[in-house]
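A short write-up of the structure that comes next.
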Amino acid sequence: MKLNLKLRYLFPLLSLVILQGKAENQGQGQGQGQGQGQGQGQGQGQGQGQITDEQLDNFSYGNKEYRLAVVGDTGIEKETKEVMNLRKYDALLHLGDYDYRCLPDDYFNKMLDADRDYQFLGVIGNHDTSEGHCSKEESQSYIDNIYNEMTNEKNGDFNCEFSPSKFMWVCVHDNIVFRKKKRIIGLSPDIRGADDRKEQLDFLKKHLEEAKEDWKICSWHYYDRYFHTGRYQSNVNLVSGEGESFYDFCKDHGAIILSAHDHVYARSRVMTKFKEPIIDEYDGVEDGRIAQIRPGATLNILNGVGGFDIYIEQGEQMNYPHWQKKYAKGENEENRKKFGGLFCTFNVDGNNRKAYCELLRLNSSEEVFDSFYIYRNEDPATVPYNDIDKAFKEEKIMAYRMANNLPEDHHATIVKEDPDKSSRSSPILLIGSIIALTAGIGGGILFFILQKNKNKSKNKNRTINSNNESNSNINKVNDKSGNPTLEDDTSLVTITIPKNVITDYNSNDKKMIKENLSSPSSLSSFDPIDTLSNHIEK
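Heads up: the sequence shown is residues 634 to 1171, going by this note's numbering.
See below:
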C-alpha cells in the first residue's frame, strides 16, 4: 500500500509519531500502576504476564538480610568510633586488641553505645592479656567484659556457648525472623593464658563438624605464616602451630575465615588449601569481585586497620600470589590515616546463597577500597554464579504469583521499571524516530530541488499538468517490509511509515492527539488520522 502525503502534512505527522511514543509510554506506565494498585487478580501492567522489578523489590521473600561489621586492632581512638559509624549494621564482630593501654573498661564504656541496637561479638587479642603487659586482673577484665556484652539482653538474638575459660565461644543467630541461621565461632589460639591449641581445635571441630547453618564464620586474632603481609618476619603458624591447620578445617566446612593482628587489610583469593597455599581453580571470576565458596574452598580476610595504627608491608609475604586485594601504610605513608572496617550483608535481597562485602575507609577520596560478592556455590564447575541469582528470582516470581493469586505464566516477562524511564528511555526512542523522519524529509526535499532544476533546464517550454502528474505517481505497492510508503518525484516525499503509526489508534488516541498536538494555529483543526486515512489507497 502506498500513501501520497504532501510536504505540508509531514510536520503534523512528525508530531503524531512523537505523541505515539508518548502515548505508548504513558499507557504502559498507567497500566503497570493500575496493576500494582489493584493487587490480587488484576494482572501486572498491560498484561498478566508482566511483573515489574519494582513489584518484586517490594515483595518480601527469602531470608532477611543480615549486616555484619568486622573490625580489628582498633584501640580507643577518635578514628575507632568514626570507623564504627561508616555504616549501619545488625552485629559488630571485634577481632581483638581493644586498646593498647591495659584499660579493659574503656572500649566497652566509650566505644560501644550504651543504648546500642546492634549485637556485639568479640575475641581476645594479644594486647588484651599479659603479653600486652596487662596484669592478670586486667586480662580477666577484658574476658569478663566481652562475656557480659555477649550474654546480656542486647544480644538476645544470639545463642552463645562459652568454654569454661571464656576464651572460646560459638554463637548461633537464632532469631526466627532470619529463618536459616548463622554460626560464628571465636577462638584465641596462641593467646597467652588461653586454652591450649589442641583444646581449641577440639572446640572448633565440635561446633563446626555438624553445623547446618547457611553461613559459617571462623574468627581469631592471630594468623598463620602465609596469611599476613610481612610487618613481622615470622614463618610460624601462630594459629595452627605445626599440627592440623585451623584454616583448612574451616575451609573444609565452607566457613569464611576472619583474622587480624597484622595492621593492614588483606583479602585472599578463594583457596582450596591454606597450610601450603593452593588457589581454587574457579577463583578469579569478574577480576576477583566474585568469591565462590563451598565445603573445600573459602577465603581469608585479614582486617587490622580498625583505628589504632597501620603497618608497613615487606618481604616475600607482601607479594604472595594468593592476595586478591590489600593495602598497608604505603611507601610514603599515604595510607597511614586511612582506617577502615569490613561491612558485609548476608542474604542479599533475601537470597541465602549470596553475600556482599565492602571495606570502607576514612580519610580517602575513595571510601570503598574493596567490594566483592560471596556466593555459596557447591558446584562452580557446572553452575555459573549468576545462575544462583536467576534461580532465586524464578522462585521469587512464583512466590509473588501465589501470594497475589495470579495465574501461572511460563512466558512471563519482567518489566524493568525505572523512575527515570520517562526522561531517559522514551526520549531515546522518540529522538530515533525524529531522526529517521527528518532524514526522509531532508532527502525528499533535496531530491525535489535537484529534480526541479533538472526539469527546468531540459524542459523550459514544457507545460506541466500538475493534476495528472500528481495522480500518475500513485502506485499500489508496498515496500519490502510490508509497510505502506509515500512516493513522489516532485512535490511529494517518499518515506516509510511503520504500520502501527496508522493502525494502532482508536478514538481515544485521536482525542488525545487533538488535545496535545502542539502546532501552528493554522493547523489547529488538522486531524492526522483522518488526513492519513484520506490519502490511503486500498
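The beta carbon of each residue, even a glycine, is placed where N, CA and C say it ideally should be.
Because the structure is a prediction, the values reported are computed rather than measured.
| Asked | Found |
| --- | --- |
| Under the three-state DSSP convention, the category E946 falls into | coil |
| Proximity below 8 Å, CB of L728 to CB of H806 | no |
| Proximity of V756 and S852 at Cβ, strictly below 8 Å | yes |
| Helix, strand or coil at H806 [DSSP, three-state] | strand |
| 4-residue-minimum alpha helix (DSSP H) runs that sit fully inside the segment 696 to 724, ordered along the chain | 711 to 717 |
| Cβ-based neighbour list, C735, same chain, cut-off 6 Å, excluding 5 preceding and 5 following | C767 and E771 |
| Per DSSP, cross-strand counterpart(s) of H727 | V704 and G755 |
| Buried or exposed by the 16-neighbour rule on C-beta atoms within 10 Å, applied to T1015 | exposed |
| Whether V897 touches A930 by CB criterion (8 Å) | no |
| Ranges of the alpha helix (DSSP H) found wholly within the segment 987 to 1051, counting only runs of at least 4 | 1018 to 1036 |
| Same chain, Cβ closer than 6 Å to Y740, neighbours up to 5 away in sequence not counted | I709, Y731 and D732 |
| Per DSSP, cross-strand counterpart(s) of L975 | V703 and L992 |
| Rounded straight-line distance, which links the Cα of S693 to that of G678 | With a pLDDT of 41 at G678, under the threshold of 50, the predicted position of this residue should be treated as unreliable, though the coordinate-derived value follows. Taking the straight line joining both Cα atoms gives about 20 Å. |
| Cβ pair I817, L935 closer than 8 Å | no |
| K849 versus E909: straight-line alpha-carbon distance, rounded | 23 Å |
| Per-residue burial, M1035 [other beta carbons within 10 Å of its own, 16 or more giving buried] | exposed |
| Cβ neighbour criterion (16 or more within 10 Å) applied to G948 | exposed |
| Span of the beta strand (DSSP E) around Q866 | Q866 -> no beta strand (DSSP E), and no H or E assigned at all. |
| Bounding residues of the alpha helix (DSSP H) (the contiguous stretch that carries S774) | K769 to T784 |
| Given 8 Å, three or more beta-carbon pairs between the segment 935 to 944 and the segment 972 to 985 | yes |
| Limits of the alpha helix (DSSP H) - the one that C851 falls within | Where C851 is concerned, there is no enclosing alpha helix (DSSP H), although the beta strand (DSSP E) it sits in stretches over W848 to S852. |
| Closer than 7 Å: K787 CB and nearest the ligand NAD heavy atom | Among the ligands in the structure shown, none appear at all, so the ligand NAD cannot be discussed. |
| Buried or exposed (CB count within 10 angstroms, at least 16 for buried), K962 | buried |
| Beta-carbon proximity list for D895, same chain, < 7 Å, skipping 5 on both sides | Y856, H861, T862, R864, L935, G937 and Y944 |
| Inter-stretch contact at 8 Å, needing at least 3 Cβ pairs: the segment 1020 to 1039 / the segment 978 to 989 | yes |
| Cβ-Cβ distance between R700 and K721 below 8 Å | yes |
| Cα-Cα separation, Y1018 to G705 | 30 Å |
| Nonlocal neighbours in the same chain, by C-beta distance under 6 Å from C793, ignoring five residues either side | M783, W802 and C804 |
| Supposed close pair I684, Y1033 - CB separation, criterion 8 Å | 6 Å |
| Burial state of P737, where buried means 16 or more other Cβ atoms lie within 10 Å | buried |
| Assigned exposure category for P1232 - 16 Cβ within 10 Å defines buried | Residue 1232 cannot be examined here, being either before or after the span of the chain that is shown, 634 to 1171. |
| Beta carbon of E697 nearer than 8 Å to that of N980 | Note that residue 697 is Lys in the sequence shown, not Glu. Yes. Within cutoff. |
| Straight-line gap, D913 to E991 (C-alpha atoms, nearest Å) | 22 Å |
| When K711, W956 and D686 are compared against K970, the one with the closest alpha-carbon | K711 |
| Spatial distance of F907 from Q925 (CA atoms) | 16 Å |
| Residues bridged to E794 [DSSP beta-bridge criterion] | V803 |
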